[in-house]
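Chains as they are written, first to last, in my numbering: chain Y, 111 to 485; chain V, 111 to 485.
Idealized CB from N, CA, C, for every residue including glycine.
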């Protein structure tokens, strides 16, 4: 991506008064950000009200310009990345291509983790010792068997899950922390060291601009990203009304599996998990309960003992029409996204959605060269 | 019931070599036991093989005769009862009229408890302290709100459930202990005092002859009775392979609700409960979770606070054709079983089954005078 192209994406994400929903409408109607910013005020008025159409037809204000420059300066450092939906073949996770996809994502660390099998582990900040131990142990085992562990860097369960994943060592998966702040900040302060280690061995990810502070309204968005980026969400300890239950609800709506660990009926921190189980979440005693639902990733080390996983009985019933067409289009040889776009005549979001679906159901896989093939 | 009639029932249940299944076939084909024992050898040969048809056409052997006499002597004591399917209007519980109904039941204590709303509470003998406390507390609360608590008098969860129900005091429900021995024996010996108290304030029940010792093969039968006599079974603590899970399975097959209390994933005694929940048992944190499924009994004391209960959404779909006919036959006034038999032209088992069904779904209720009316 050229520097000017990148600057246009950053400006679009920072443009004062422009909501993400409106920005996505412009991307769909006009095209890339550079094309949007090439429009005249009169052309922009087709899509936007008056002050905004004027503002966007002009060069950025001084404040905006210096924010863009600061961001580009940050991006020049090693392992610092900006991901946009235009990077669908080079990092931006296909799983995020829902109708309210993030326009930009800031990433710091091991970018390859974004497109690996991933499980979110979430739960209470004021977790019990045994809750934290469970989060740690599940994360460690899942990571050592090839899963990337996604969580929100919060105190309690989140932190324990990140720690457990890091403990699994470099042979297995790793961990992604999704932030409710700008990627250049750490919240809570107690997790400064942990965040530093994740930025080296794992990945930090944020959809908020550099410098953004932790705001209460950031966390639902953060939770949304945690849920949609994962194949399934494991809730370890959660009170009856808590952010973890919202994450689980988003996961269900996005077609992800929800898992919950039960506990004593006398512990308020088990109530949320028990509620999820009553609503259909899978009760989990060990990682094998998770593998039963979403399979186990293929690991390069084949000497490792594998748990036999059964295909989901409901898989074929869940197929969308688009997914079926993609599967039929894919011959015995791998095919690139460009090829699939051409043969299926789908647009990018439709194709991506179908690819995600087939990937989640283990019918296709993405090869290291970015092409897809049947499993 | 005349003494001769009673003696014939006892003989039929004790007849050496006659299986319960064969005895039920005879009852269906011939009629009451007295009529069976009035048949000639030639007539009995229509139903039975040779040695047995000969044996049953003769007066009982001395051994059998003295067993019958001992049983009738036991029955002369106060609050000692023999119940047979002929006593469907005077004690034998309609809920038990499944294809493999017990031919005789021995009872000692408060007979009226047999036809009241009932919940079974079962679980591990080697239960934890917190498991026993849960069993005790659920039993006490359910009993104080009008449920009779059914269990198997075993150590651990069973004993705690009986104790909790007795603690609820005479205002509420009470408890029924179902034995794997003859009703004149107590097993385990540690529960001698408890059994004595249940025989006074609650009810002891057994389908085994007087003097029968605890045999391993008695307990599946005992568990079957626990499950079918209850509207629902609550499993408090159970290992992955245990008698409690069999009780739960019988309950499911008999159309009863199964409830399970979750616990730590590190406790082997929670495994069985977690397995039940994964198989569809309702996860229970409090008695309200039970009321949600099977309602709460009407108590004479109306000043008591009630939890609002919602009718089950699936109720009407579950109706059998016979139940519908019974409901249509029942006008606004209460009707006796004899009246219903006459109008519906059903046989006793069919009518009883339909009545049980409608009672469980709370469409009809049995009045103190034994007649049924719509709720």
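### Query
Are the CB atoms of residue 157 (chain Y) and residue 133 (chain Y) nearer to each other than 8 Å?
no
### Supposed contact pair residue 155 (chain Y) and residue 113 (chain Y) - C-beta distance, whole angstroms, cut 8 Å
With 8 Å as the limit, residue 113 (chain Y) and residue 155 (chain Y) do not qualify as a contact, their Cβ atoms being about 29 Å apart.
### Task
Might you give, ordered along the chain, the residues of its own chain that have their beta carbon closer than 6 Å to the beta carbon of residue 484 (chain Y), omitting 5 neighbours on each side?
440 and 474
### Task
Can you grab the Cα-Cα spacing for the pair residue 252 (chain Y) / residue 402 (chain Y), in whole Å?
13 Å
### Query
Based on Cα-Cα distance, which residue from Y:451, Y:303, Y:362 and Y:131 lies nearest to residue 486 (chain Y)?
Examination of residue 486 (chain Y) is not possible in this model, given that chain Y is present from 111 through 485 alone.
### Task
Give the interface partners of residue 372 (chain V) over in chain Y, defined as CB-CB distance under 9 Å, in chain order.
372, 373, 374, 375, 380, 383, 384, 387 and 393
### Message
Distance check for residue 367 (chain Y) and residue 135 (chain Y), CA to CA, integer angstroms please.
### Response
30 Å
### Task
Could you check the C-alpha separation between residue 186 (chain V) and residue 295 (chain V) for me, to the nearest Å?
17 Å
### Task
Please report how far the alpha carbon of residue 321 (chain V) lies from the alpha carbon of residue 196 (chain V), in whole angstroms.
24 Å
### Query
What did DSSP end up calling residue 214 (chain V) once you bin it into helix, strand or coil?
coil
### Task
Examine the Cβ distances between the segment 216-233 of chain V and the segment 140-152 of chain V and report whether three or more of them are shorter than 8 Å.
no
### Message
In the DSSP output, what is residue 476 (chain V) paired with across the bridge?
### Response
V:482
### Task
Please state whether DSSP places residue 418 (chain Y) in a helix, a strand or coil.
With a pLDDT of only 38 at residue 418 (chain Y), under the threshold of 50, the placement of this residue in the model should not be trusted, and no figure is reported.
### Query
The beta strand (DSSP E) spanning residue 258 (chain Y) covers which residue range?
258-261
### Query
Does the Cβ-Cβ distance between residue 244 (chain V) and residue 400 (chain V) come in under 8 Å?
no
#### Entry: Pick from Y:387, Y:236 and Y:199 that is closest to residue 225 (chain Y), judged by C-alpha positions
Y:199
### Query
Excluding sequence positions up to five away, which residues of its chain have a Cβ less than 7 Å from the Cβ of residue 531 (chain Y)?
Absent from the structure is residue 531 (chain Y), since the part of chain Y shown begins at 111 and ends at 485.
### Message
When you compare the CB positions of residue 238 (chain V) and residue 258 (chain V), do they come within less than 8 Å of one another, or not?
### Response
no
### Task
Please work out which residues of its chain come closer than 8 Å, Cβ to Cβ, to residue 116 (chain V), disregarding the five sequence neighbours upstream and downstream, and give them in chain order.
182, 185 and 192
### Query
How far does the alpha helix (DSSP H) with residue 327 (chain Y) in it reach, from first residue to last?
No alpha helix (DSSP H) contains residue 327 (chain Y), which DSSP labels as neither H nor E.
### Query
Less than 7 Å between the CB of residue 438 (chain V) and some heavy atom of the ligand ZN, yes or no?
For the ligand ZN, the structure offers nothing, since it holds no ligand at all.
### Residues sharing a beta bridge with residue 198 (chain V), DSSP
None; residue 198 (chain V) has no bridge partner.
#### Entry: Straight-line gap, residue 327 (chain Y) to residue 235 (chain Y) (C-alpha atoms, nearest Å)
17 Å
### Task
Would you check if there are 3 or more beta carbon pairs closer than 8 Å linking the segment 382-396 of chain Y to the segment 272-279 of chain Y?
no
### Query
If we ignore side chains and look at the alpha-carbon of each, how far apart do residue 453 (chain Y) and residue 299 (chain Y) end up?
50 Å
### Query
Under a Cβ-count criterion, where at least 16 other Cβ atoms within 10 Å of its own Cβ denotes burial, should residue 325 (chain Y) be classed as buried or exposed?
exposed
### Query
Can you name the start and end residues of the alpha helix (DSSP H) that residue 232 (chain V) belongs to?
First-last for residue 232 (chain V): 228-232, but that is the beta strand (DSSP E), not the alpha helix (DSSP H).
### Cβ-based neighbour list, residue 118 (chain Y), same chain, cut-off 6 Å, excluding 5 preceding and 5 following
143, 144 and 147
### Task
Measure the CB-CB distance between residue 360 (chain V) and residue 381 (chain V) and report whether it falls below 8 Å.
no
### Query
Exposed or buried, what is residue 194 (chain V) when buried is set at 16 or more other beta-carbons lying within 10 Å of its beta-carbon?
buried
### Query
Can you tell which of Y:365, Y:477 and Y:246 has the C-alpha that lies nearest to the C-alpha of residue 467 (chain Y)?
Y:365
### Task
Identify whether residue 517 (chain V) lies in helix, strand or coil by the three-state DSSP scheme.
What the structure shows of chain V is the stretch from 111 to 485, and residue 517 (chain V) is not part of that stretch, so it cannot be assessed.
### Message
Considering only the alpha carbon of each residue, which of Y:220, Y:349, Y:261 and Y:277 lies closest to residue 247 (chain Y)?
### Response
Y:277
### Message
Measuring only the C-alpha atoms, how far is residue 352 (chain Y) from residue 345 (chain V)?
### Response
29 Å
### N-terminal and C-terminal residue of the alpha helix (DSSP H) that residue 185 (chain Y) is part of
172-185
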